[in-house]
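Numbering (my numbering), first residue to last: 2 to 241.
Cβ atoms here follow ideal geometry from the backbone N, Cα and C, with glycine treated the same way.
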């Protein structure tokens, strides 16, 4: 294990399907890892679960997240060098990806730290800061998420008997917050900032997380940073 490995939170070593299963099902839903190649990255994902297609992905389900000016007006923040605020992926669909895998193929010159936030930590901090704000984000109609033809009216934090069941969040022009939630956004921003874990990723390193329980993002960067992303819908039926 190298010093770079020791700086990674929840580091579990080499990426495999079985490691993913243990981290996502028995662990807390977040792990960092190392991986030798794009092929090994895809193989581990396929061993663990069902890889989901995405409009920005190739035929295998891999999306290459890098600065891509040629996309024009349709370019999302993920394809720029700007800060990517804490979010979950695909909140506008009824059943978002359950697990996300991100792997660094080339690092930034400066900046670009990955950021992750445990949903339960954000809820706990928001409850301390402003309980009414937390209640607003737990309302069934707290937010409307829209992407293309997809639309989902949902709480940001879905709770049951005081236990967090799911998080959904995204900041873009097609997300609308209910009045009380909109007024509570400064408190949410503070809770997100105070719950954030940030860490750099060198080439060959990556992380996996439960998209229903964790938020993730990225600091602004310079240089040729490139991350590969795979979305997984769920475990294979034989693992259930």
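Inset, instruction - Pick out whichever of 237, 235 and 224 has its Cα sitting closest to the Cα of residue 69. - result: Here residue 69 corresponds to residue number 68 of the chain shown, with the count starting at 1. The alpha carbon of residue 69 has as its nearest neighbour, out of 237, 235 and 224, the alpha carbon of 224.
Legend entry - Within 8 Å, strictly: CB atoms of residue 103 and residue 230: Sequence index remark: in the chain shown, residue 103 carries index 102 (1-based). Sequence index remark: in the chain shown, residue 230 carries index 229 (1-based). In contact: residue 103 and residue 230 (Cβ atoms closer than 8 Å).
Legend entry - Residue range of the unbroken beta strand (DSSP E) whose run includes residue 235: The residue given as residue 235 occupies position 234 in the chain shown. Counting along the chain, the beta strand (DSSP E) containing residue 235 begins and ends at 227–236.
Legend entry - Burial state of residue 88 (16 or more Cβ within 10 Å): For the purposes of this step, residue 88 is taken as residue 87 along the chain shown, with counting starting at 1. Around the C-beta of residue 88, 16 or more other C-beta atoms lie within 10 Å, and the residue is accordingly described as buried.
Legend entry - Beta bridge counterpart(s) of residue 209 as assigned by DSSP: For the purposes of this step, residue 209 is taken as the residue at position 208 of the chain shown. According to DSSP, residue pairing for residue 209 in a beta bridge involves 32 and 102.
Legend entry - Residue range of the unbroken alpha helix (DSSP H) whose run includes residue 23: Mapped onto the chain shown, residue 23 falls at position 22. For residue 23, there is no enclosing alpha helix (DSSP H), as DSSP marks it with neither H nor E.
Inset, instruction - Quick one: residues in its chain with C-beta nearer than 8 Å to the C-beta of residue 140, no 5 flanking neighbours on either side, listed in chain order? - result: The residue labelled residue 140 in the question sits at position 139 within the chain shown. Spatial neighbours of residue 140 in its own chain (CB-CB distance under 8 Å, excluding positions within 5 residues in sequence) are listed in chain order as 156, 179, 181 and 182.
Inset, instruction - Using three-state DSSP, classify residue 49 as helix, strand or coil. - result: One-based indexing of the chain shown puts residue 49 at position 48. In the structure shown, residue 49 sits in a helix (DSSP, three-state: H, G or I).
Inset, instruction - Note the first and the last residue of the continuous alpha helix (DSSP H) segment covering residue 190. - result: By 1-based counting over the chain shown, the position of residue 190 is 189. In this chain, the alpha helix (DSSP H) harbouring residue 190 covers 186–196.
Inset, instruction - Name the one or two DSSP bridge partners that residue 152 has. - result: In the chain shown, counting from the first residue as 1, residue 152 sits at position 151. Partner residues in the beta bridge of residue 152, as assigned by DSSP, are 147.
Legend entry - Bridge partner(s) assigned by DSSP for residue 223: Translated into the one-based positions of the chain shown, residue 223 becomes position 222. 111.
Inset, instruction - Just the C-alpha distance for residue 21 and residue 213, rounded to the nearest angstrom, thanks. - result: Indexing the chain shown from 1 puts residue 21 at position 20. Indexing the chain shown from 1 puts residue 213 at position 212. So the alpha carbons of these two residues sit roughly 16 Å apart.
Inset, instruction - Note the first and the last residue of the continuous beta strand (DSSP E) segment covering residue 157. - result: Sequence index remark: in the chain shown, residue 157 carries index 156 (1-based). Boundaries for residue 157: no beta strand (DSSP E) harbours it, and the DSSP string shows neither H nor E there.
Inset, instruction - Sort 161, 145 and 160 by Cα distance to residue 154 and report the nearest one. - result: Looking up residue 154 in the chain shown gives position 153. Checked all of 161, 145 and 160; the closest Cα to residue 154 is 145.
Legend entry - Helix, strand or coil at residue 241 according to DSSP, with G and I counted as helix: Stepping through the chain shown from its first residue, residue 241 is reached at position 240. Bear in mind that a pLDDT of 46 at residue 241, under 50, signals an unreliable position, so the model cannot answer this.
Inset, instruction - State the start and end residues of the unbroken alpha helix (DSSP H) segment that holds residue 129. - result: Numbered from its first residue, the chain shown carries residue 129 at position 128. Per DSSP, residue 129 belongs to the alpha helix (DSSP H) from 120–130.
Legend entry - Neighbourhood of residue 142 by C-beta, 7 Å cutoff - its chain only, sequence neighbours within 5 removed: For the purposes of this step, residue 142 is taken as the residue at position 141 of the chain shown. Exclusion of the five residues before and after residue 142 leaves 154 and 179 as the residues of its chain whose Cβ lies within less than 7 Å of its Cβ.
Legend entry - Cα-Cα separation between residue 34 and residue 159, rounded to whole angstroms: The residue you call residue 34 lines up with position 33 of the chain shown. The residue you call residue 159 lines up with position 158 of the chain shown. About 29 Å.
Inset, instruction - Using the Cα positions of residue 52 and residue 18, report the straight-line distance between them to the nearest angstrom. - result: Residue mapping note: residue 52 aligns to position 51 of the chain shown, counting from 1. Residue mapping note: residue 18 aligns to position 17 of the chain shown, counting from 1. So the two alpha carbons sit approximately 12 Å from each other.
Inset, instruction - Grab me the residues of residue 11's own chain with a C-beta within less than 6 Å of its C-beta, minus the 5 sequence neighbours each way, in chain order. - result: Numbered from 1 along the chain shown, position 10 holds the residue referred to as residue 11. In chain order, 31, 32 and 33 place their CB closer than 6 Å to the CB of residue 11, counting only its own chain and leaving out the 5 sequence neighbours on each side.
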